[in-house]
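Reading through the C-alpha cells given below for one structure.
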Amino acid sequence: MKVLIAGAGRLGTQIAQVLSAARNDVTLVEYDDDRVAELDSLPHVRLVAGDACDRDLLEHAGALACDLVLATTGRDEDNLVISLLAKRRFGVGWVAARVNEAENAWLFDQRWGGWTWPYPRRPR
Amino acid sequence: MTRRSLVANLAAQLVTEGHDVRLIDRRPKARQMLSPGFPGAFHVGNGFSRAVLEAAGIVHADAFVAVTSGDNGNIVSARTAKDTYRVPIVLASIQDPHRADVCRELGIPTISSVRLTGRQVTEFDVDGEIRVVEITRAGRSLLPAHGVLAESGDLVTFSVTATALGRLGGFLDKELGT
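Residue numbers (the numbering used here), protein chains in the order written: chain A, 5 to 128; chain B, 1063 to 1240.
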C-alpha cells in the first residue's frame, strides 16, 4: 500500500515506522527542515521537506498514486486542508486526520474528506 | 477575525453604515486596535470553534469575512460559515494563490488586502487577461467606468484568466508595494 503521512511529529513518525515495517511504501512530509534532518536515518521511509498544504508538493510527493493519506500535523486547520486536498484533488481512497483540539473535533467529518481519531496532546 | 489595517477599518466602516458587527480573534489583545468607542461585540477564540461562532451569532449572520493571517484557518472558518451555517455572503482573505484556488473551488470568493485607494480601477485591466468587473461600495455595486477612483473600503472584483493569475498577483504585490 502507498501511504503519505503529513507531519513528522511523534504520531506521524510512529505511524510511518509501523507502516513501513509492515512493508508499505511510506512517504513522510515535514515542514521543518531541522526535523527532516533529524529523521534522516529513519529506515524505509521516504522523507520530503515542505508544506503538505501545498498541492504541488503533495503531487510531487506522490499523492495521486496514494492509497492512504494521514494528516498528523499539530494544527487542525492544516489537517483539514490536507484532507480536503487529498480527497478532492487527488482522489485518495482513504484519508484520516489527527484532531489536536477537542473543540475542533466537530469539523472532522466527510465534508473535509476523511475520518478521524482523537489524539489528545501530552502536557508539555 | 482580524488583521490590523484591513479589519479595524472594515469593522469601523460597517458600524458607521449601521451594521451589527461582531469580531472574533484568538488574541485578547486584538481588541486594542479597535477604536475605544467601538460598539461591536468582541469574542476571544478560534474562528472555527462552534462555541465561539455561535456565541458571536453566526446562526443569524448575513455575512462572514475570514481575514486572519493564516490561509488554512481562513479556508476552514469560511467554509464552515458557508456550508454549516449557510451564511449568505462569505469572503476569505488568502495569500497563497494555490490555496486561493482551493477556496474558489469551494465557492468562496477570495479577497486581497491591497491598498488601491485613489487609483483608477480600470488601470488594472489587461486586454483579454485581467478586468475589473465590479466595485462594491457601501453595499452597492458599481460598474467600473473609466475614471472611477478606488475608495477606502471598496471591494474590487477582478475577472482573471487562469494563466494571468500569477501576473495579477505579482502586479498587486509589487506595483502597489504591499
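From the three backbone atoms N, C-alpha and C, an ideal C-beta is built for every residue, glycine too.
A quick note: this is a predicted structure, and the numbers were derived from the prediction, not measured.
Using a Cβ cut-off of 8 Å, pull out every chain B residue sitting near residue i, in sequence order please.
i	result
N108 (chain A)	N1108, F1110, S1111
N68 (chain A)	Before going further, note that residue 68 (chain A) is Leu rather than Asn in the sequence given. None at all; the shortest Cβ gap to chain B is about 16 Å.
E63 (chain A)	Those do not exist, as E63 (chain A) stays about 11 Å from chain B at its closest Cβ, beyond 8 Å.
Quick check on residue i: does DSSP put it in helix, strand or coil?
i	result
P127 (chain A)	Any reading at P127 (chain A) needs caution, since the residue's pLDDT is 46, under 50, leaving its predicted position unreliable; the model's value is listed next. In the structure shown, P127 (chain A) sits in coil (DSSP, three-state: anything other than H, G, I, E or B).
R1089 (chain B)	coil
I1170 (chain B)	coil
I1156 (chain B)	coil
V96 (chain A)	coil
G1239 (chain B)	Only weak support is given to the placement of G1239 (chain B): the predicted model assigns it a pLDDT of 44, under 50, and the question is left unresolved by the model.
L1072 (chain B)	helix
T1184 (chain B)	helix
F1100 (chain B)	coil
S45 (chain A)	coil
P122 (chain A)	Because the pLDDT of P122 (chain A) is 48, which lies under 50, any placement of that residue in the model is unreliable, and the number read from its coordinates should be weighed accordingly. The answer is strand: DSSP assigns P122 (chain A) an E or B state.
L1259 (chain B)	Past the boundaries of the shown model lies residue 1259 (chain B); chain B is included only from 1063 to 1240, so the question cannot be answered.
R39 (chain A)	helix
V1210 (chain B)	coil
Since residue i meets chain A, which of its residues come closer than 8 Å, beta carbon to beta carbon?
i	result
H1160 (chain B)	D58, R59, D60
Quickly, what does DSSP pair residue i with across the bridge? List them, please.
i	result
T31 (chain A)	A:L8, A:R50
H1081 (chain B)	In the DSSP output, where bridge partners are listed per residue, H1081 (chain B) has none listed.
F1220 (chain B)	B:V1194
I86 (chain A)	Answer by DSSP bridge pairing: none, since I86 (chain A) is not bridged.
F1126 (chain B)	B:V1152
Report back the beta-carbon spacing between residue i and residue j to the nearest angstrom; my notes put them in contact at under 8 Å.
i	j	result
L23 (chain A)	V30 (chain A)	5 Å
M5 (chain A)	D71 (chain A)	5 Å
T1219 (chain B)	E1196 (chain B)	4 Å
Residue i versus chain B: which residues are under 7 Å apart at the beta carbon?
i	result
L74 (chain A)	Going along chain B, no residue has its Cβ under 7 Å from L74 (chain A), so there is no contact; the nearest lies around 17 Å.
R115 (chain A)	D1145
L84 (chain A)	V1138
Which chain B residues are close to residue i, counting only those with a beta carbon under 9 Å from its beta carbon?
i	result
L89 (chain A)	V1164
Problem - Contacting positions in the region 1119-1139 of chain B - beta carbon closer than 7 Å to chain A - result: Sequence-ordered contacts of the region 1119-1139 of chain B with chain A read G1132, N1134, G1135, I1137, V1138 [C-beta pairs closer than 7 Å].
Practice task
Check distances from the C-beta atoms of the region 1140-1172 of chain B to those of chain A and list, in chain order, the residues that come in under 9 Å.
Solution key: Answer in chain order: R1141, T1142, D1145, T1146, D1158, H1160, R1161, D1163, V1164, E1167, L1168.
Handout entry: Short-range partners of chain B found in the region 17-38 of chain A, where Cβ spacing is below 8 Å
Key = Residues of the region 17-38 of chain A whose Cβ lies closer than 8 Å to any Cβ of chain B: none.
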